[in-house]
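In my numbering, the protein residues as written are 368 to 898. Beta carbons are placed, not taken as given, at the ideal position from N, Cα and C, and that holds for glycine. One structure below.
Take a look at the structure:
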């Protein structure tokens, strides 16, 4: 039977004076014992080393519950020894099968019963990377914690369980998929999404315009095409061109980057690579569209570029195989009092097209969009929330098990931005013809088109919602907070692509009208008059 392994550690213990370290044994450890007893946690084995506590317990939900209690108590407790004030606690939780044996050395001072197993090392590698006053749990523990939240037994139903993605562990232990747990109003820690200094690595890998991986000898520079054809895979055709280098932003610090700056996860690099690839496609299409004179050629090129853009969202470097990511775009088409959501371009997965259910929004008497109700769909809710609440992403964690979704609203608070979730029950609209579609997680965010802007960058522009970018994964709970920002950035670039197409399309139509005349006959000559 799997057991929960909980490791907690006081940050700053080694800097405490002798009286402070003594107070850890006199105040901190008794407090931990008191909470374990109070919450009736069934402890199988426990050990301490200085300020660290390693406990193996039977129930994962109770492990998460007592972890939250310990974190809260450390934050608010008034210690008798004042040097303990301001200390933070870091907690890691894992779940694994363990064995029980007799430890002859431990038996000299206490019971020799002792659990052992390789899994005991994992929390010790997680704990050093946990920010103070935070709790991380592994992917193995997350389903048990989610079940405890849903049941409302050991954990409150408003407890947050937030995926963090792949996180680099201490002591070169590699990466693990981790989750953060916190109270209703708590905010997950700020994660190091991108370290720009990494781009200076001359061996960096990125997407070629055709979607394949290539070695970029100028990985520290952005590539800007000067001329291009109407095919996504074609390279610049100017005889003088190639790529014109333009330096990336400098590392946001005057100090020399240390090893932490240079270490970012493969998942983060994949996000960066996909955004760079989309940006290249958008620039190339814009250059082609600006000189295109044929509406048919513009239409054909837009379809080709659109599919290439969506395919970059599937990731490479093994991520597509692991996550099973697919993407599509639903256009929001308004007819009278109803907004329909239609698949305007093919999905990256052909089978997904026939699974899209009928979804719509309705305007009320005062031309106010009515809030979607149960079964209306995640895409309509993402559209409605973006207009009525503010920009963000809608997330369905596992459509095979629940129709509930969350809307993560983006907020900008100096000096950082955060996403805050609101849970909505039963919103997801089942796939057409099946309760078990080939995807489990669904992420949806709006694509905006600017309709009016001034010549001042600081002025707020008015915009319309073109539609929604949807990204699905075959895995449950597949997306982390970093993925929300990645999806919004991708949707913004796709909006620029549509804007370029619309502007060029209008220009072509206007040119043809000027060339052919208004269509009115001149009574005297029988010819056409100029408009």
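Straight-line Cα distance separating residue j from residue i
i: residue 458; j: residue 521; result: 18 Å
i: residue 372; j: residue 514; result: 17 Å
i: residue 717; j: residue 764; result: 22 Å
i: residue 674; j: residue 395; result: 58 Å
i: residue 881; j: residue 849; result: 49 Å
i: residue 415; j: residue 801; result: 52 Å
i: residue 375; j: residue 436; result: 12 Å
i: residue 326; j: residue 708; result: Because the chain is modelled from 368 through 898, residue 326 falls outside the range shown and cannot be assessed.
i: residue 830; j: residue 775; result: 21 Å
i: residue 713; j: residue 455; result: 51 Å
i: residue 387; j: residue 537; result: 26 Å
i: residue 748; j: residue 761; result: 7 Å
i: residue 652; j: residue 723; result: 28 Å
i: residue 814; j: residue 460; result: 38 Å
i: residue 870; j: residue 489; result: 55 Å
i: residue 540; j: residue 733; result: 59 Å
i: residue 666; j: residue 656; result: 10 Å
i: residue 876; j: residue 711; result: 21 Å
i: residue 370; j: residue 407; result: 16 Å
i: residue 773; j: residue 393; result: 44 Å
i: residue 669; j: residue 676; result: 10 Å
i: residue 510; j: residue 817; result: 42 Å
i: residue 853; j: residue 432; result: 32 Å
DSSP state of residue i mapped onto helix, strand, coil
i: residue 759; result: strand
i: residue 785; result: strand
i: residue 546; result: strand
i: residue 807; result: coil
i: residue 767; result: coil
i: residue 339; result: Residue 339 falls outside the range modelled here, since the chain spans only 368 to 898, and no answer is possible.
i: residue 829; result: strand
i: residue 795; result: coil
i: residue 674; result: helix
i: residue 822; result: coil
i: residue 708; result: strand
i: residue 723; result: coil
i: residue 863; result: helix
i: residue 648; result: helix
i: residue 692; result: coil
i: residue 738; result: coil
i: residue 319; result: Look at the range of the chain in this structure, 368 to 898, and you will see that residue 319 is not part of it.
i: residue 442; result: helix
i: residue 535; result: strand
i: residue 428; result: helix
i: residue 790; result: strand
i: residue 840; result: strand
i: residue 700; result: strand
Selection from the options that minimises the alpha carbon distance to residue i
i: residue 671; options: 658, 649, 681; result: 649
i: residue 533; options: 506, 554, 383, 711; result: 506
i: residue 450; options: 812, 389, 825; result: 389
i: residue 790; options: 771, 804, 796, 805; result: 771
i: residue 542; options: 529, 656, 493; result: 493
i: residue 526; options: 838, 442, 554; result: 554
i: residue 739; options: 857, 795, 828, 874; result: 795
i: residue 440; options: 500, 862, 421, 448; result: 500
i: residue 377; options: 426, 407, 453; result: 453
i: residue 550; options: 736, 544, 539, 529; result: 529
i: residue 750; options: 769, 812, 705; result: 812
i: residue 693; options: 668, 702, 720, 667; result: 720
i: residue 397; options: 383, 419, 382; result: 419
i: residue 809; options: 819, 798, 818; result: 798
i: residue 769; options: 746, 777, 865, 793; result: 793
i: residue 865; options: 847, 832, 840; result: 832
i: residue 400; options: 421, 382, 380; result: 421
Residue i burial status per 10 Å Cβ neighbour count (16 or more: buried)
i: residue 430; result: buried
i: residue 404; result: exposed
i: residue 385; result: exposed
i: residue 741; result: exposed
i: residue 862; result: buried
i: residue 466; result: exposed
i: residue 686; result: Here the model assigns residue 686 a pLDDT of 44, short of 50, so the residue's position is not dependable, and the following value carries that caveat. By the 10 Å Cβ count, residue 686 comes out buried.
i: residue 843; result: buried
i: residue 438; result: buried
Sub-7 Å separation of residue i and residue j beta-carbons
i: residue 645; j: residue 860; result: yes
i: residue 463; j: residue 486; result: yes
i: residue 678; j: residue 715; result: yes
i: residue 423; j: residue 412; result: yes
i: residue 516; j: residue 434; result: no
i: residue 737; j: residue 744; result: no
Neighbour flag for residue i against chain B, beta carbons, 7 Å
i: residue 813; result: The displayed structure is made up of one protein chain only, and chain B is not part of it.
Residue i Cβ short of 6 Å to the ligand ATP heavy atom set
i: residue 500; result: The ligand ATP is not part of the structure shown, which contains no ligands of any sort.
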